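In full-length UniProt numbering, the protein residues as written are 1 to 528. The next block holds one structure in the form of structure tokens; read it before the comments.
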């Protein structure tokens with residue numbers, strides 16, 4: 001806004017109209033008046049002599065200036081009011097005109113220093129991250145005007161075959177789009193300071209990682225842990241259900257990023273992901289504290305991400321790095337391959353959370369939870385206010401089970417039901433359909449039409465969990481007992497002998513016939 005006579009009223013107008021560096025000496029300084037003051041006075045004097053302002057105009061002009069501080073008036077070149085010493089510095093937080101050096105440095109920082117081959121992406125000389133083999137700068141997508149991350153990867157240590165494999169992985173990553181996966185935009189080869197490198201352009205994450213969150217707040221609330229863990233599982237499920245499946249191989253809190261505006265998390269650092277083109281991936285890449293035992297054997301599958309996820313949950317639950325009691329990687333290796341859990345595991349206070357972590361970090365990958373198991377676990381279910389529970393013990397034989405439908409808001413349940421505030425109904429596991437049962441409840445007036453989808457989902461999730469539990473118990477009963485190693489040696493169908501034990505430590509453990517940390521699946525609590 002301006003006054004009559006085009007007098008700049010706001011400091012921003014003054015900054016745009018007049019050169020920087022001429023304000024700050026104050027109207028009371030000795031010598032000639034500041035140039036800005038002279039311009040403003042000459043700009044207003046001529047017109048006010050030609051038109052005598054009315055009393056209303058004078059009051060309006062006066063009231064505008066009265067709302068401004070003396071420091072602001074001096075920035076506009078007007079003398080300070082009586083009783084205020086001229087040339088006094090503006091109060092803290094007052095926006096003054098920028099010095100030429102400040103403006104020049106900002107222009108240098110926001111000046112593009114490189115562009116992508118197609119000209120779409122720009123690189124700024126603003127470093128935002130650095131690792132052992134990569135440097136990350138701030139960039140810009142000129143098509144969407146969205147800031148991006150410009151990553152420069154050093155590939156001089158890679159062989160020709162490894163570079164080719166990495167290029168194939170990069171092409172695959174371009175097609176990944178999921179709310180819980182850091183978006184990957186483009187890549188190309190470049191020469192920087194005489195060395196060949198690969199440039200990756202990804203989504204820019206500015207709110208830090210789970211690691212930085214834990215350093216700042218020390219303790220994570222259980223609801224936050226549940227929500228973020230569920231989102232990580234959804235991202236892993238997306239990766240593992242690609243064709244071919246994608247294994248992250250280096251999942252940890254350092255490369256799980258937080259999205260500030262939505263408070264959600266995204267899995268990043270997919271540059272080390274492996275395409276499972278053969279039956280096993282065959283390279284050891286990862287962080288020792290988060291590496292499953294089979295990764296040291298260089299034969300692994302998606303189960304290594306489940307193991308790493310369990311370690312991430314352990315760090316989130318305790319704010320303590322797994323195996324922090326170990327002094328070096330060799331000690332970690334001996335503990336991991338011996339089945340010894342991190343000392344922080346015994347600090348987990350929530351029993352259900354502790355049980356889930358234990359089910360993720362078991363030595364035998366066949367005894368670990370799968371991503372699907374975890375997504376169906378009640379601990380990770382979104383709270384919809386609708387719950388389906390077993391009304392009787394499941395013996396694993398009967399096809400018809402009595403179930404209870406509960407709602408947090410009991411007013412939503414209609415009709416006559418028992419004293420436990422639940423509707424009891426019979427469900428045939430291999431005949432009934434969850435949607436049909438839910439529709440029947442609506443027709444009979446037990447629940448309203450608006451809750452139909454929630455009820456159907458709750459019934460379906462519970463039924464799937466019961467079926468999976470039965471299947472796992474059946475497999476556990478059919479599996480050979482680990483207490484008979486001499487019999488296992490002659491049975492090619494054994495899950496234990498399918499893993500090549502090339503390390504001396506694991507061979508010694510098998511020779512002794514004991515696995516300190518191996519959990520028996522039949523004695524553990526299953527999903528559901």
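Where a beta carbon is used, it is the ideal one built from N, C-alpha and C, also for glycine. None of the values given here were measured: they were computed from a predicted structure.
Residue j beta carbon less than 8 Å from that of residue i
| i | j | result |
| --- | --- | --- |
| residue 190 | residue 201 | no |
| residue 290 | residue 244 | no |
| residue 385 | residue 408 | yes |
| residue 318 | residue 350 | no |
| residue 441 | residue 433 | no |
| residue 209 | residue 257 | yes |
| residue 376 | residue 465 | yes |
| residue 312 | residue 253 | yes |
| residue 391 | residue 424 | yes |
| residue 306 | residue 370 | yes |
| residue 259 | residue 344 | no |
| residue 251 | residue 308 | yes |
| residue 443 | residue 388 | no |
| residue 373 | residue 468 | yes |
| residue 135 | residue 127 | yes |
| residue 463 | residue 429 | yes |
| residue 137 | residue 123 | yes |
| residue 451 | residue 412 | yes |
| residue 226 | residue 380 | yes |
| residue 246 | residue 304 | no |
| residue 184 | residue 193 | no |
| residue 456 | residue 438 | yes |
| residue 314 | residue 342 | yes |
| residue 199 | residue 228 | no |
Unbroken alpha helix (DSSP H) run spanning residue i, endpoints
| i | result |
| --- | --- |
| residue 529 | No information on residue 529 is available, as it lies outside the stretch 1 to 528 that the chain covers here. |
| residue 329 | 329-337 |
| residue 433 | It is not in any alpha helix (DSSP H) - residue 433 carries neither H nor E in the DSSP assignment. |
| residue 190 | From DSSP, residue 190 is part of no alpha helix (DSSP H) but of the beta strand (DSSP E) over 184-192. |
| residue 423 | Counting along the chain, residue 423 falls outside any alpha helix (DSSP H), though it belongs to the beta strand (DSSP E) covering 423-428. |
| residue 360 | 351-360 |
| residue 321 | No alpha helix (DSSP H) contains residue 321, which DSSP labels as neither H nor E. |
| residue 161 | 160-173 |
| residue 371 | 371-376 |
Range covered by the beta strand (DSSP E) that runs through residue i
| i | result |
| --- | --- |
| residue 114 | 112-115 |
| residue 130 | 121-130 |
| residue 290 | Where residue 290 is concerned, there is no enclosing beta strand (DSSP E), given that its DSSP letter is neither H nor E. |
| residue 154 | 146-154 |
| residue 140 | 134-141 |
8 Å Cβ cutoff, residue i in contact with chain D
| i | result |
| --- | --- |
| residue 214 | This model lacks chain D altogether; it includes just one protein chain. |
Reference residue i, options the options, closest by Cα
| i | options | result |
| --- | --- | --- |
| residue 195 | 380, 133 and 376 | 133 |
| residue 453 | 436, 466 and 469 | 436 |
| residue 333 | 160, 292 and 314 | 292 |
| residue 316 | 249, 457, 262 and 211 | 211 |
| residue 558 | 410, 430 and 431 | Past the edges of the chain, shown from 1 to 528, lies residue 558, and the structure says nothing about it. |
| residue 263 | 223, 135, 172 and 360 | 223 |
| residue 115 | 130, 141, 478 and 126 | 141 |
| residue 205 | 227, 215, 139 and 176 | 139 |
| residue 148 | 173, 203 and 193 | 203 |
| residue 337 | 295, 300, 346 and 378 | 295 |
| residue 378 | 300, 431, 461 and 197 | 461 |
Residue i CB to nearest heavy atom of the ligand NAD below 7 Å
| i | result |
| --- | --- |
| residue 324 | With respect to small molecules bound, the structure shown includes none, and the ligand NAD cannot be examined in it. |
Open item on the list: Assess contact between the region 218-229 and the region 152-162, defined as three or more Cβ pairs (one per stretch) separated by less than 8 Å. Is contact present?
Closed with: Too few Cβ pairs lie closer than 8 Å, so no.
Task: Length-filtered (3 minimum) beta strand (DSSP E) runs lying within the region 201-273 - done: Here the runs fully enclosed are 256-259 and 264-267.
Open item on the list: Closer than 8 Å is the cut-off here; do at least three beta carbon pairs connect the region 395-409 with the region 357-368?
Closed with: Cβ pair count under 8 Å is below three, so no.
Task: Stretch-stretch touch, CB-based, cutoff 8 Å, three pairs: the region 229-248 with the region 171-180 - done: A contact exists between the region 229-248 and the region 171-180.
Task: Sequence ranges, alpha helix (DSSP H) only - wholly within the region 380-411, length at least 4 - done: Correct list: empty.
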